[in-house]
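Start counting the sequence shown at 2; every next residue gets the next number (the numbering used here).
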Amino acid sequence: MTKINKKNRVFLKAITEAPSVGTACNPVLKVLDAHFGEDYERYFASDAFCIYRYKDTRIEDIEAVFIAHLDEVGGNVLSEQTKGSGAFLTSVWGNLPTIYEGELQAFDYLAETGEEAFPATGTVELVEAEPRLILRGKGIRPFRTVFTFRETTTFQGDIIEGKALDPRVTTAAVAEAVTLLNSSINPNPHSGKVAAVFVMAEEHCMDVAKKAVTYLQRHAPNLKLVVNADVPGIQNLTEGQLEMPAIRIFEGRNFIDPMFGIRTAEKLEAKGIDFHLTASRSGSQTLLFTPLAPTISVALPSEGVHLPRVKMSLLGYKRCIKLLVAIGEEVLSD
2 MTKINKKNRV FLKAITEAPS VGTACNPVLK VLDAHFGEDY ERYFASDAFC
52 IYRYKDTRIE DIEAVFIAHL DEVGGNVLSE QTKGSGAFLT SVWGNLPTIY
102 EGELQAFDYL AETGEEAFPA TGTVELVEAE PRLILRGKGI RPFRTVFTFR
152 ETTTFQGDII EGKALDPRVT TAAVAEAVTL LNSSINPNPH SGKVAAVFVM
202 AEEHCMDVAK KAVTYLQRHA PNLKLVVNAD VPGIQNLTEG QLEMPAIRIF
252 EGRNFIDPMF GIRTAEKLEA KGIDFHLTAS RSGSQTLLFT PLAPTISVAL
302 PSEGVHLPRV KMSLLGYKRC IKLLVAIGEE VLSD
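See the structure below:
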């Protein structure tokens, strides 16, 4: 069983506290770079996705991709209300403007690290009879500043609490699982049959994932497995449990390869893997990837979603990593 040790907690804290909004995901990519290290190569497609695979391994050789998205909820700055006022109109994603009232962090769209973020304050005002979030802060630039919550990730017993747990806990789980799979499946780990694919803007623009689909269609003809992992609110998942990952065979009205999912679930159940079979009330980017190969949707729920602070289970995280690894081993060993 994967253990949640100090290194895991440091990784979770770094990846959840880093700000990344829309396709402005360089701060989180820096955290992932450190996790994968020098043995991995990152293919970066600006405003779209990135792929981590072993160095000296061709993308054509990849047989499985594990997918998560990077962006958290937040917004972007539009124009200044009145020239010189320091008050900027914004567009917000993922929740109502009132959720973003208070202390926030803002950063330039081209920022490379989270250290480049600066304090900002959001207030809601009526603009033409519509509630709008107004952002104030030193360093704001129209049309290129983005913002999100500013929170510290904490651990209390089994609970991790903070911002951006949706999606970053499953982002971290995918990163952990891919490194484990590449070291356990192949006699020579550097044969690298498994890759991690991170899409940048699921929360704000689902269609960004199509760029990743198109790339994989053109360059990865030998795919046998696609797994997408995400964090729904617990109320969105039928029979949802914080400490238990799930395989979703239906996302809203969408079919996510139910026969393949059920067959795989039966094999995993026989091996004693902790998870449950379920459906979710809404969809995600999973459906876009189903034309590539047999596809499985993995979910690990949170208590609260798209809020400044939400809660998730460290046991659930540990089980999610184990589930992802077990799926990869089961399908690729056939």
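Think of the CB as a built atom: it goes at the ideal place given N, C-alpha and C, for glycine as much as any other residue.
As the structure is a computational prediction, the values presented were derived from the model and not from experiment.
An exposed status is given to M260, since fewer than 16 other beta-carbon atoms sit within 10 Å of its beta-carbon. Counting only residues of its own chain and dropping the five nearest sequence neighbours on each side, G284 has a CB closer than 8 Å to the CB of E252, G253, R254, N255. Boundaries of the beta strand (DSSP E) around R249: 247–252. At the C-beta level, A46 and K212 come within 9 Å of one another.
Non-local C-beta neighbours of N237 in its own chain, meaning closer than 8 Å and more than five positions away in sequence, comprise S281, R282, S283, P302, V306, ordered along the chain.
Listed in chain order, the non-local C-beta contacts of Q106 below 6 Å within the same chain comprise P20, A118, R151, local neighbours out to five positions each way being set aside.
Residue pairing from DSSP leaves H220 without any beta-bridge partner. Counting other Cβ atoms within 10 Å of its Cβ, E267 stays below 16 and is therefore classed as exposed. Here S298 carries a strand assignment [DSSP, helix/strand/coil]. Nearest Cα to I250 within the set N229, F108, I235, L243: N229. Boundaries of the beta strand (DSSP E) harbouring M313: 311–314, taken from the DSSP string. A197 sits away from I322, with the two beta carbons spaced by 9 Å or more. R133 has E126 as its beta-bridge partners, per DSSP.
For A130 and T17, the gap between their C-alpha atoms comes out near 35 Å. For C206, the secondary structure class from DSSP, reduced to helix, strand or coil, is coil.
Counting other Cβ atoms within 10 Å of its Cβ, F144 stays below 16 and is therefore classed as exposed. Ranked by Cα distance from E102, the options G123, D40, D275, E113 are led by G123.
L278 is positioned such that its CB atom lies closer than 9 Å to that of I248. When DSSP assignments are scanned along the region 7–46, the uninterrupted stretches of alpha helix (DSSP H) that are 4 or more residues long and fall wholly within it turn out to be 7–18, 27–37.
Rounded to the nearest angstrom, the Cβ distance from G76 to L134 is 7 Å, consistent with a contact under 8 Å. Look at Q236 here: in three-state DSSP terms it is helix.
Residues of the same chain with a CB within less than 7 Å of the CB of E240, apart from the 5 flanking positions on each side, are H277, T279 in chain order.
Per DSSP, the continuous alpha helix (DSSP H) segment holding V179 begins and ends at 166–185. Linking V326 to L182 through their CA atoms gives a straight-line distance of about 6 Å. When the five nearest sequence neighbours on each side are left out, the beta carbons in the same chain lying within less than 8 Å of the beta carbon of P222 are those of E61, in order along the chain.
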